[in-house]
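Right, one structure below, let's go through it.
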Amino acid sequence: MGFNWILISPEIAVLATGFILLILDLFIGKSRGFLLTAVSFIGIMVALWLNYQNYSIMGVGFQGIVINDPIGFYFKIIFCMGTLLTVFISSTYVSREMKGMGEYYVLIFIATFGMMVMASSADLITIFLGLEVMSIPLYVLAGIHRGRLRGREAAMKYFLLGAFASGFLLYGIALIFGAYGSTNLVEISQRFLFSSGFSGILTGAGMVFLLVGFGFKIAAAPFHMWVPDVYEGATAPVTAFMSAGPKAAAFAVLFRLFSVFQPVISDNFTTILWILAVITMLWGNLLALSQKNIKRMLAYSSIAHAGYVLIALTVGGRDGISAGLFYLLIYTIVNIGAFSIIIFFSGKNEKYENISDYAGFGYKYPFAAIAMTVFMLALAGFPATAGFAGKYKIFVAAINSGFIWLAIIGIFNSLVSVWYYIGVVVSMYMKQPRDESPTVILSMTLMVAVLVAFIGTVYLGLFPDDWIALSDWAGSHYSWASIVGSLVR
Amino acid sequence: MIIFSILAAVAVFSAVMVITRKSPISSAIYLIVLMCSLAGLFALQGAFFIAALQVIVYAGAIMVLFIFVIMLINLRDNDFGIDKRKIQKYLGFIFAAVILLQAVFITGWAMKEFSNETESAMSSEFYQSPVDSLDQEDYLSAESVAENLFMRFAYPFEVTSILLLAAIIGAFVIARKSDPIDDEGEET
Amino acid sequence: MPGLTHYLILAAALFALGMFGLLTRRNAVGVLMSIELMFNAVNINFVAFSRFLTPEALTGQIFAVFIITIAAAEAAVGLAIVMLIYRNFRGIEVDKINFMKW
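Sequence lines, in order, name chains A, B and C. For the first sequence, the residue numbers in our numbering are 62 to 550. For the second sequence, the residue numbers in our numbering are -4 to 183. For the third sequence, the residue numbers in our numbering are 3 to 104.
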């Protein structure tokens, strides 16, 4: 019985925070949202610290089901950042719009737990369970706002398509289980030696099904139908959360699966991923051009960004994975930053969410507008912002591995995307303000979130070296055999 | 083989009924029939514990929940039928046919390879040839399932408990009656 | 004696039927039932693989147990969402609840 609890200590910390919040919510008044935020903050910090402590004890535990490897380590940092920023941007919003619903935080923390389980699992069972633990709170969060009918519609669409994707995933997992007689990735990779025509066919088919299932979760192009509606319908903090962590978690699993199954899947998968990346980027960017609602625009932009990470997945190997990791970290920070400004401007019940509503904000709220400008430029990939560093790394990785055309299409897409990101900035600075002025939400916690995201964006843009080194280190451990060989205790 | 054929025929027939019936209740009843026939198939394979779960949890608990909700929201027949739009119908048919053909093709191809391999005595270490005279009493009992569940798969089992907690909180938050003051806001 | 192939083809058939239902039903409860159908099809796959390929390890059956649990959790949340939609829209036709254009 190897229950190495220390391996899952960040997960336990996140979960414990969720439970404490659940109990705390019963005893405090509805107005004290601040206490919930503080507890969440402490919980995330503890989780980050425990994750940092785990840095030195990478390994496989729980009968080979949990794996604590550099990639999982890195993804846990991404999830903690995403959740931390989400908690900060939600604080005022939740107490104002949802009468301080404590369950909101609990669901966020349970979803984060699910993501961590996904990122650090070496077994298809826990990958799937983690996915469900992540998804079920998200379905609920999409429709949690009372009196927001679009949110309920979003919840239903998200749920139906999510459950559909789960069905596909399960079918794929069943086929892979049939191929190797095990769901454990460690065992499976040890059985590659005996793999035969039978297991080859089943693995190929299973991976296609898995790709469809995860394609829904990462919002890759043919499977993205739910994204705009759900992103628009859900409330802004929930959308921010959804666009960051869960997407990264699905990518974590994809990175892991593709590096495990590298030896046995055919080269056709590179072509499939190549096509998927191109379609996703083009579709997301072209449709984002015509959007008027800023959340819808960011939804299409998030599809496009999934396309960029798919480039990293196509490239694969050390370079591809480290570029993907770095990009997901940056996207999490920048995107939640952008959403924090949307919350700031949105007014009661998110009345002002059209890009044209942002007219003249540049003069009324100069600091917020500067922050928004920086986030938009970072999403577009302007030099000296974090977005540039991330995109640069991905395109260089693609070029170095011989995917010249993929890099060119990616660069072309980034150029297209500049148009709609700049549209927001133009609206803020160059248009006359409207007569009716929205009441902005101003609060300490929101300001902290904006500040953290802003500093992160600028810092990662100017001095990305430390984090690039960290993601290179994580990416260099992509090879499954080396992990299993060196880390099994 | 006869038992298998009967159960499989019942399963496919009731699956067709589930997706085509106009009345939600009869759809649900056919789903229960389907689940019971699947339970029979599981028992046929010696998976008695799964068979029991299939009847108790699926056919029992989950379907009761379905029927309860159908009753509660007073679902009428004409709200329930297949989509009237032709496009949707054809699209669904094509998709399903593609998936079916693909899955059957994969199965057939893989099984051909499989039989080739077992014939040429390439039986690898991890495939045990199907044991027909399995000592089922001893082997596939609830006890061995429990042993696996609580020893080897203890961690997923714990994760499942979190999943159920999330579902409880989620269902509670979603289905809670809203306060009257909260219903201002957007109009339909 | 039915072989692995029989079970796999049965599972494929049920999965495809579930998919057909999912795409053609215009009612959220009907869609949910189709999803349950798909999950059941996958269960057949797992139990059959477990029985015919790895009879000494029960991984497939364990997975089936987890799938049943997940199906229960999804059904609970899904039906809660259906109830919510019904209260707000007075109907649960998937195609009618479409205020946001795709």
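Just so you know, even glycine gets a beta-carbon here, dropped at the ideal spot from N, CA and C.
Exposed unless 16 or more other CB atoms sit within 10 angstroms - verdict on residue i
i: residue 319 of chain A; result: buried
i: residue 381 of chain A; result: buried
i: residue 238 of chain A; result: buried
i: residue 353 of chain A; result: exposed
i: residue 66 of chain A; result: exposed
i: residue 297 of chain A; result: buried
i: residue 190 of chain A; result: buried
i: residue 346 of chain A; result: buried
i: residue 166 of chain A; result: buried
i: residue 328 of chain A; result: exposed
i: residue 142 of chain B; result: exposed
i: residue 427 of chain A; result: exposed
i: residue 10 of chain B; result: buried
i: residue 76 of chain C; result: buried
i: residue 164 of chain B; result: buried
i: residue 117 of chain A; result: exposed
i: residue 17 of chain B; result: exposed
i: residue 528 of chain A; result: buried
i: residue 472 of chain A; result: exposed
i: residue -4 of chain B; result: exposed
i: residue 178 of chain B; result: Reliability fails at residue 178 of chain B, whose pLDDT of 42 lies under 50, so the model's placement of it is uncertain and the value that follows must be treated cautiously. Residue 178 of chain B should be labelled exposed.
Identified DSSP bridge partners for residue i
i: residue 128 of chain A; result: A/121
i: residue 65 of chain A; result: Answer is none; residue 65 of chain A lacks a bridge partner.
i: residue 354 of chain A; result: A/415
i: residue 245 of chain A; result: A/184
Cut-off 7 angstroms between Cβ atoms - residues of its own chain near residue i, not counting five sequence neighbours on either side
i: residue 281 of chain A; result: 337, 341, 367 and 371
i: residue 10 of chain C; result: 47 and 50
i: residue 480 of chain A; result: 350
i: residue 61 of chain C; result: 52
i: residue 506 of chain A; result: 98, 149, 152 and 153
i: residue 293 of chain A; result: 211, 354, 356, 357 and 360
i: residue 33 of chain B; result: 6 and 49
i: residue 325 of chain A; result: 253, 256, 261 and 264
i: residue 6 of chain C; result: 50 and 54
i: residue 111 of chain A; result: 70, 71 and 74
i: residue 45 of chain C; result: 66 and 69
i: residue 204 of chain A; result: 212, 213, 215 and 216
8 angstroms Cβ cut-off: residues of chain F touching residue i
i: residue 30 of chain C; result: Reference to chain F is not applicable here, since the protein chains of this structure are A, B and C.
Sequence-distant residues of the same chain with beta carbon closer than 8 angstroms to residue i, five excluded per side
i: residue 1 of chain B; result: none
i: residue 523 of chain A; result: 445
i: residue 464 of chain A; result: 335, 372, 375 and 376
i: residue 21 of chain C; result: 36 and 40
i: residue 202 of chain A; result: 165, 168, 169, 172, 295, 299, 302 and 303
i: residue 235 of chain A; result: 267
Cut-off 6 angstroms between Cβ atoms - residues of its own chain near residue i, not counting five sequence neighbours on either side
i: residue 383 of chain A; result: 532, 533 and 536
i: residue 171 of chain A; result: 79 and 198
i: residue 176 of chain A; result: 140, 195, 306 and 310
i: residue 392 of chain A; result: 366
i: residue 44 of chain B; result: 137 and 140
i: residue 468 of chain A; result: 456, 459 and 460
i: residue 13 of chain B; result: 22, 25 and 26
i: residue 101 of chain A; result: 148 and 166
Any non-hydrogen atom of the ligand NAP closer than 8 angstroms to residue i Cβ
i: residue 269 of chain A; result: Annotation note on the ligand NAP: not contained in the displayed structure, which lists no ligands.
Using Cβ-Cβ distances below 7 angstroms, what residues of the region 6 to 19 of chain C are close to chain B?
6, 7, 8, 10, 11, 12, 14, 15, 16, 17, 18 and 19
Which ranges would you report for the beta strand (DSSP E) in the region 20 to 102 of chain C if only whole runs of at least 3 residues count?
none
Using a Cβ-Cβ cut-off of less than 8 angstroms, list which residues of the region 191 to 213 of chain A approach chain C; keep chain order.
193, 197, 200, 201, 204, 210, 211 and 213
Can you pull out the residues from the region 429 to 462 of chain A whose beta carbon lies closer than 8 angstroms to at least one beta carbon of chain B?
none
4-residue-minimum alpha helix (DSSP H) runs that sit fully inside the region 364 to 451 of chain A, ordered along the chain
378 to 407, 422 to 425 and 427 to 441
Along the region 243 to 274 of chain A, where does the CB come closer than 7 angstroms to a CB of chain C? Name the residues.
243 and 244
Residues of the region 103 to 128 of chain A with Cβ closer than 8 angstroms to any Cβ of chain C, in chain order
none
What are the uninterrupted segments assigned as alpha helix (DSSP H) that are 4 or more residues long and contained completely in the region 175 to 228 of chain A, given in chain order?
185 to 203
Those runs of the alpha helix (DSSP H) which lie wholly inside the region 462 to 497 of chain A and span at least 4 residues:
465 to 491
The region 277 to 305 of chain A: positions lying closer than 8 angstroms to chain B by Cβ
none
Output, in sequence order along the chain, the residues in the region 167 to 190 of chain A whose CB is closer than 7 angstroms to any CB in chain C.
186 and 190
Contiguous alpha helix (DSSP H) assignments of at least 4 residues, all confined to the region 269 to 324 of chain A
287 to 294 and 297 to 321
Any C-beta of chain A within less than 9 angstroms: which residues of the region 148 to 170 of chain B qualify?
148, 149, 150, 151, 154, 155, 157, 158, 160, 161, 162, 164, 165, 166, 167, 168 and 169
In the region 397 to 423 of chain A, which residues sit with their C-beta less than 8 angstroms from some C-beta in chain C, listed in chain order?
none
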